[in-house]
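2 protein chains.
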Amino acid sequence: MTTNPQGGPFDPQPDDLGAPEVVVQRLPLYVRMLSQFEQQSVEVVSSEQLGQQLQMTPAQIRKDLSYFGRFGKQGRGYNVRRLSAELRRILGLDTSWNAAIIGMGRLGRAVAAYPGFARERFRIVAAFDADPAVIGARVGDLPVRPMEELAGAVQSLDIKIGIVTVPAQQAQVVIDMLVAAGVRAVLNYAPYSPQVPEDVKVRAIDPVLALQSMTYYLKG
Amino acid sequence: MTTNPQGGPFDPQPDDLGAPEVVVQRLPLYVRMLSQFEQQSVEVVSSEQLGQQLQMTPAQIRKDLSYFGRFGKQGRGYNVRRLSAELRRILGLDTSWNAAIIGMGRLGRAVAAYPGFARERFRIVAAFDADPAVIGARVGDLPVRPMEELAGAVQSLDIKIGIVTVPAQQAQVVIDMLVAAGVRAVLNYAPYSPQVPEDVKVRAIDPVLALQSMTYYLKG
DNA sequence: GTTTGTGAAGGATTTCACAGCA
DNA sequence: TGCTGTGAAATCCTTCACAAAC
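Which chain is which? The protein sequence lines are H and S, in order. So the first sequence is numbered by this note's numbering: it starts at 1093 and just counts up by one. So the second sequence is numbered by this note's numbering: it starts at 1093 and just counts up by one.
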């Protein structure tokens, strides 16, 4: 459905916009692995070593990286620091990103409290809920705001990401509001497949779907 | 890396074990969508309608289903009830599955409290942690057990799934213990790519990775 | 008329294999 | 010698398009 032409030889100048989406989705994995090597004070890694750790072929790693530039040295491998920095820049992880979280029930509060976002420079700068009983309460150090304030907050707080933690029944309306407000990236915790325009990216977090696709193999 | 031959024409009798993994991963999505139609008392759906809701092509849905059997009627579509039941059976969702959760910190307690698992017949029947300060405490109605009891509990409680909510540093050892105990399906919340034998399935839940692969497109 | 199920075609992704460089 | 970067080959996955069924 999403058109993702492989694209021929590319302009190395701007980080290749024709890179397949699967490849882009693997880059954060590389970044994470490189951080780990960095922590262990490893200075240089080969695609072989990366592949071993990540359980993928060295060829795939090299091919993936080649969409964006030439980061290695023949006979040696990749400088961990440099490759990490390059990939972060390519992914846009050299800045921080503001996010809003919508749905301040049990799940929303747990997600809002997760320290992993801030650690990677994703900042939750606003919290919303439709329930008057919750509005005004504090979650961490954020006040829970009414949905009416969403569009305004997206503008004034430079919110680029919506984190949706409402029940499935409300997910579509909430995502529609986010999209209408100009948000083009949604992290969707609701067990629901929303319909969005094709320039909006949605990533689903659904542990139940993950489990349900493993039982097939357990059954055997 | 994982060998997944497409397989030629198949034996319709046993639910095709040669179905590509991507296809298996989409089946739960269909199941969820069908439940939604069922709730709205829809009796029959076409691949067109399913595709519209899920934002995928009707052809893909038909092809996916065709790996497992012939569930539709030409000119009419699919009986919602029947297709839902068939897919659940194929995925092994006609029984309940027991899981253990390892790591009873903030994240582990939040995951254990999530009602979505039980709703889909995944039962968390044991909780573990390495920290003596936590062992013995109750989480929901489960006592937190020491890691030494893991292998025994997997056997005696028929645990087929491990849910890993420990910090990244401990993820590999914990997963090794699960695998050694005979667990072949792991839901991994730790921001770490574990190494497992190829007959063990791992699904990662990592909201940070999900966000990091969207910023690439926001940057543009 | 409508919609499935499916070979065949078309695309996309992965892997191979090796020239070229350190 | 060791490892990258990359065309070409192989594989895998999706879409097309239509005969068959209702």
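Just so you know, even glycine gets a beta-carbon here, dropped at the ideal spot from N, CA and C.
Query raised in the report: Counting only runs that start and end within the stretch 1169-1205 of chain H, where is the alpha helix (DSSP H) found for 4 or more residues in a row?
Result: 1172-1183 and 1198-1205
Query raised in the report: Using DSSP with H/G/I as helix, E/B as strand and the rest coil, what is phenylalanine 1129 of chain S?
Result: Along the second sequence, read from residue 1 onward, the residue named residue 1129 of chain S stands at position 37. Looking at phenylalanine 1129 of chain S - three-state DSSP - the assignment turns out to be helix.
Query raised in the report: So, helix, strand or coil for valine 1137 of chain H, using DSSP?
Result: Position 45 of the first sequence, counted from the start, is the residue given in the question as residue 1137 of chain H. Of the three classes helix, strand and coil, the one that applies to valine 1137 of chain H here is strand, per DSSP.
Requested in this report: Name, please, each residue of chain S whose Cβ falls closer than 9 Å to the Cβ of glutamate 1240 of chain H.
Outcome: Locating residue 1240 of chain H in the first sequence gives position 148, counting from the first residue. By Cβ distance, chain S contributes nothing, its closest Cβ being about 25 Å from glutamate 1240 of chain H, past 9 Å.
Query raised in the report: In this structure, what does DSSP give as the bridge partners for aspartate 1221 of chain S?
Result: Within the second sequence, numbered from 1, the residue matching residue 1221 of chain S stands at position 129. According to DSSP, aspartate 1221 of chain S bridges with S:Pro1238.
Requested in this report: Counting only runs of 4+ residues fully inside the stretch 1224-1309 of chain S, write out the alpha helix (DSSP H) ranges in chain order.
Outcome: 1242-1248, 1260-1272 and 1299-1304
Query raised in the report: How many angstroms separate the CA atom of methionine 1196 of chain S from the CA atom of isoleucine 1153 of chain H?
Result: Within the second sequence, numbered from 1, the residue matching residue 1196 of chain S stands at position 104. Within the first sequence, numbered from 1, the residue matching residue 1153 of chain H stands at position 61. Each residue's Cα considered, the two are about 35 Å apart.
**Report entry** Limits of the alpha helix (DSSP H) - the one that glutamine 1152 of chain H falls within
**Finding:** Here residue 1152 of chain H is taken as the residue at index 60 of the first sequence, counted from 1. That run of the alpha helix (DSSP H) goes 1150-1158.
Report task. Spell out the partners DSSP gives glycine 1164 of chain S in its beta bridges. Result -> Along the second sequence, read from residue 1 onward, the residue named residue 1164 of chain S stands at position 72. Per DSSP, S:Tyr1170.
**Report entry** Alpha-carbon spacing of valine 1265 of chain S relative to glutamine 1131 of chain H, whole angstroms
**Finding:** Looking up residue 1265 of chain S in the second sequence gives position 173. Looking up residue 1131 of chain H in the first sequence gives position 39. Answer to the nearest angstrom: the Cα atoms are 19 Å apart.
Report task. For alanine 1151 of chain S, count neighbouring C-beta atoms within 10 Å of its own C-beta (all shown protein chains included) and say buried if the count is 16 or more, exposed if not. Result -> For the purposes of this step, residue 1151 of chain S is taken as residue 59 along the second sequence, with counting starting at 1. Per the 10 Å Cβ criterion, exposed.
Query raised in the report: Name the chain S residues whose beta carbon is nearer than 9 Å to that of isoleucine 1253 of chain H?
Result: Sequence index remark: in the first sequence, residue 1253 of chain H carries index 161 (1-based). Near isoleucine 1253 of chain H (Cβ distances below 9 Å), the residues of chain S are Leu1303, Met1306, Thr1307 and Leu1310.
Requested in this report: List the DSSP bridge partners of phenylalanine 1214 of chain H.
Outcome: Position 122 of the first sequence, counted from the start, is the residue given in the question as residue 1214 of chain H. H:Trp1189, per the DSSP bridge assignment.
Query raised in the report: So, are the CB atoms of alanine 1216 of chain H and isoleucine 1193 of chain H less than 7 Å apart?
Result: Sequence index remark: in the first sequence, residue 1216 of chain H carries index 124 (1-based). Sequence index remark: in the first sequence, residue 1193 of chain H carries index 101 (1-based). The displayed chain sequence assigns isoleucine, not alanine, to residue 1216 of chain H. In contact: isoleucine 1216 of chain H and isoleucine 1193 of chain H (Cβ atoms closer than 7 Å).
**Report entry** Closest by C-alpha distance to phenylalanine 1163 of chain H, when choosing among H:Val1137, H:Thr1187 and H:Met1306
**Finding:** The sequence position of residue 1163 of chain H within the first sequence is 71, counting from 1. Here the closest residue by C-alpha is H:Val1137.
Report task. Assign leucine 1208 of chain S to one of three DSSP states: helix, strand, or coil. Result -> Here residue 1208 of chain S refers to the residue found at position 116 of the second sequence. Checking the sequence, you will find glycine at residue 1208 of chain S rather than leucine. Helix, per DSSP.
**Report entry** Short CB-CB distance (under 7 Å) between glycine 1274 of chain S and chain H
**Finding:** Counting from 1 along the second sequence, the entry for residue 1274 of chain S is found at position 182. No, glycine 1274 of chain S lies away from the interface with chain H (no Cβ there is under 7 Å from its Cβ).
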